[in-house]
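Participant: Before we start, here is the structure in question, set down as structure tokens.
Protein chains in written order, with our numbering: chain A, 19 to 379; chain B, 19 to 379.
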């Protein structure tokens, strides 16, 4: 297995040539014959192959932390669904854990942090960014194995949570409808929040550079809880840190997916990212107006639409492609839900792969 | 206690003259010297008086179902905070329960329905709208008592959940981040969904007319889960039923608060409602553009902003008032959170009450 020098910001240079680079070319805004397609959470419970592996294991974290298995489930959707990109199987919460706040993944309840951040002393007690990013060799190893086993079939996406979303978990300690504890910190202890966001950003940047060095071709940043901030808060506590990540990762292409942050689309459009993710609330033409002609858009079918029959899914997917037009990567507007029928997921992928853009420009 | 004839759609005629009708005049679009103010969930845990009553009781439902106590907590914020309107203490889930699906309110977990709607047979088994609305005398009694004890001090708001939000609970059976079961019904069994929405709408309309007949001056419709639908789904499964409610309630003024439904604002603006609620994501000037000059807007401070100190809250509240300008009812963009400091809630109310619109138009 080839290894790369630690700390370089350039993607993994000693690797097999990509045989199928449609996804990367589209992400960079190049002209392509059809949009590429992948699904958020494609490596997961929708696949019987995934469920078979998961059943043998103690818990979700064992899968995240075992590189050979993480690599195996990363590649499953490439084999089974024929998607145009793989995304490394992992979790956004490996970052707070590496920083010194371990999490547990409780069945049905989701992630829970026994310790949370309340004071500046708590922030100062966290691991320094380099030490924290150095905890995550199991992720880097999973990327290397995936890269080797993909053998250039499709590009590999690496990812991390956006700093605000990671702060939300570190302060709240668990999922929440309102994240009122985390938002309270932004309103009442803004310096503390900025200090924590700074640490998270620095750690995430080192981590993502390592991910790229170990084989990720593109980085997607998930701002899963973007949608609960006010526009002013998003401006102050999210955008500057997203900017630091995008700038610090250059020239690696970055996708920013800020779920629910319709109100910040014009600001997100100003980030030096290649691709902007869109959720299912956003009308493709409206979001194109908001962000201008340059950025590639990714999304955005409602994951619940895949509960419909395969022929309905096929037709609605091609309708979505027509609405987006060029500079588009086909995906859902959220992760695919675990109980989605596989036949409909396949219809979604096939609808994109059998589509061609009209010739006229 | 005066009684009104059942079934009339006109508000309670035999009642004390309102001494303070600022809220109603503003809701009707009349020119007023300052915006009126109230808070969603003002009758609740923020008040020590409420917590004292709640501690004596078995559970939340006992309070909802005991008219004298519901009336007492309805009036508490008028006494303690000096708000310009009272809102009857109740729950949107009394409607599904009256239709034949009882709910339990579990501490921390929220509402849970032991039985849910899955098939047309389940829908046909529900109580007919008139029978269902007839189950809710405890609400009508609470309104009468509140009306008597308010003695014309401020107007009284009645409310219900929007049909889509009620369907979401009846199908999902509990709160959910995705409401994917309920949305699945919309995509895979649209006729069943429409049949259920029709029953809910008819029941809700009869219920709200009774609420008005028993003392509610204005009706607010909470579409709490509006924000998880796609624009197309909102158009098909929400707007037509909201329209039936608004039309069926005329001439009673109606407020429609569709949380998270920024994408449907232009359609909501076309409803025959008096007031449109806005959540904290919406920029006052932008939403005014979306809905045009006619409608009164209600909202929209982020409830987390009230965690700040009273002087900060005071300043930020007045800033919000300036942004909204006229045709505005001051409120939060969501229900006030239970752990909000009372001093900051009071600062919010005082900031509105000490504000006057600039004289120039």
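Beta carbons are placed, not taken as given, at the ideal position from N, Cα and C, and that holds for glycine.
Residues of chain B with CB under 7 Å from residue 131 of chain A, in chain order?
Facilitator: None at all; the shortest Cβ gap to chain B is about 17 Å.
Participant: Please state whether DSSP places residue 155 of chain B in a helix, a strand or coil.
Facilitator: helix
Participant: Specify the secondary structure class of residue 317 of chain A as computed by DSSP and reduced to three states.
Facilitator: strand
Participant: Which stretch, first to last residue, makes up the beta strand (DSSP E) that contains residue 295 of chain A?
Facilitator: Note, residue 295 of chain A: beta strand (DSSP E), 293 to 295.
Participant: State the Cα-Cα distance for the pair residue 8 of chain A and residue 290 of chain B, rounded to the nearest angstrom.
Facilitator: Residue 8 of chain A lies beyond the stretch modelled for chain A, which goes from 19 to 379, so this question has no answer here.
Participant: At which residues does the beta strand (DSSP E) containing residue 357 of chain A begin and terminate?
Facilitator: Per DSSP, residue 357 of chain A belongs to no beta strand (DSSP E) and is neither H nor E.
Participant: Classify residue 37 of chain A as helix, strand or coil using the three-state DSSP reduction.
Facilitator: coil
Participant: Please determine, among A:76, A:258, A:332 and A:133, the residue with the shortest C-alpha to C-alpha distance to residue 187 of chain A.
Facilitator: A:133
Participant: For the region 197 to 219 of chain A, enumerate the residues whose C-beta is nearer than 7 Å to any C-beta of chain B, in chain order.
Facilitator: 198, 201, 202, 205 and 206
Participant: Quick check on the DSSP output: the alpha helix (DSSP H) that includes residue 235 of chain A runs from which residue to which?
Facilitator: First-last for residue 235 of chain A: undefined, no H or E at that position.
Participant: Quick one: which chain A residues come within Cβ less than 7 Å of residue 248 of chain B?
Facilitator: 298, 299 and 320
Participant: Helix, strand or coil: how does DSSP classify residue 208 of chain A here?
Facilitator: helix
Participant: Please check if any C-beta of chain A sits within less than 8 Å of the C-beta of residue 375 of chain B.
Facilitator: no
Participant: Which chain B residues are close to residue 323 of chain A, counting only those with a beta carbon under 7 Å from its beta carbon?
Facilitator: 205
Participant: By the three-class DSSP mapping on this structure, what secondary structure does residue 80 of chain A have?
Facilitator: helix
Participant: Apart from the five residues just before and just after residue 171 of chain A, which ones in its own chain have a Cβ nearer than 7 Å to its Cβ?
Facilitator: Excluding residues within five positions, the ones whose Cβ falls inside 7 Å are 37, 38 and 96.
Participant: How should residue 22 of chain B be labelled, buried or exposed, when 16 other C-beta atoms within 10 angstroms of its C-beta is the threshold for buried?
Facilitator: Confidence is the limiting factor: at residue 22 of chain B the pLDDT is only 41, short of 50, which leaves the residue's position unreliable and the question unanswerable from this model.
Participant: Is there contact here, the region 309 to 318 of chain A with the region 337 to 353 of chain A, by at least three beta-carbon pairs under 8 Å?
Facilitator: When Cβ pairs closer than 8 Å are counted between the two stretches, the region 309 to 318 of chain A is seen to touch the region 337 to 353 of chain A, the count reaching three or more.
Participant: Counting contacts by CB-CB distance shorter than 8 Å, is residue 355 of chain B in contact with chain A?
Facilitator: yes
Participant: I'd like to know if residue 348 of chain A contacts chain B, where contact means its C-beta is closer than 8 Å to some C-beta of that chain.
Facilitator: no
Participant: Can you tell me which of the three DSSP states residue 176 of chain B falls into?
Facilitator: strand
Participant: Which chain B residues sit within Cβ distance under 9 Å of residue 56 of chain A?
Facilitator: Proximity of chain B to residue 56 of chain A at the Cβ level (cut-off 9 Å) is not reached, the minimal Cβ distance being about 20 Å.
Participant: Could you compute how far the alpha carbon of residue 198 of chain B sits from the alpha carbon of residue 243 of chain B?
Facilitator: 12 Å
Participant: Can you name, in chain order, every residue of its own chain whose Cβ lies under 8 Å from the Cβ of residue 128 of chain B, other than the five neighbours on each side?
Facilitator: Hits under 8 Å: 192 and 193.
Participant: Kindly indicate which three-state DSSP category residue 241 of chain A falls into: helix, strand or coil?
Facilitator: strand
Participant: In angstroms with no decimal places, state the Cα-to-Cα distance between residue 55 of chain A and residue 272 of chain A.
Facilitator: 16 Å
Participant: For the alpha helix (DSSP H) holding residue 312 of chain A, just list the boundary residues, first then last.
Facilitator: That residue, residue 312 of chain A, is in no alpha helix (DSSP H); it is neither H nor E in DSSP.
Participant: Using DSSP with H/G/I as helix, E/B as strand and the rest coil, what is residue 105 of chain B?
Facilitator: strand
Participant: So that I know if they touch, is there some Cβ in chain A lying closer than 8 Å to that of residue 28 of chain B?
Facilitator: Summary for residue 28 of chain B: the model assigns pLDDT 40, below 50, so the residue's position carries little reliability, and this model does not support an answer.
Participant: Taking only three categories from DSSP, how would you classify residue 123 of chain B?
Facilitator: strand
Participant: What are the boundary residues of the alpha helix (DSSP H) that residue 273 of chain B is part of?
Facilitator: No alpha helix (DSSP H) holds residue 273 of chain B; the beta strand (DSSP E) holding it covers 272 to 276.
Participant: Return helix, strand or coil for residue 365 of chain B, following the three-state DSSP convention.
Facilitator: Here residue 365 of chain B carries a helix assignment [DSSP, helix/strand/coil].
Participant: So with Cβ pairs under 8 Å, would you call residue 281 of chain A a contact of chain B?
Facilitator: yes
Participant: Bridge partners of residue 192 of chain B, per DSSP?
Facilitator: Residue 192 of chain B is bridged by DSSP to B:130.
Participant: What's the call for residue 178 of chain A, buried or exposed, on a 16-neighbour Cβ count within 10 Å?
Facilitator: buried
Participant: Might you give, ordered along the chain, the residues of its own chain that have their beta carbon closer than 6 Å to the beta carbon of residue 213 of chain A, omitting 5 neighbours on each side?
Facilitator: 141
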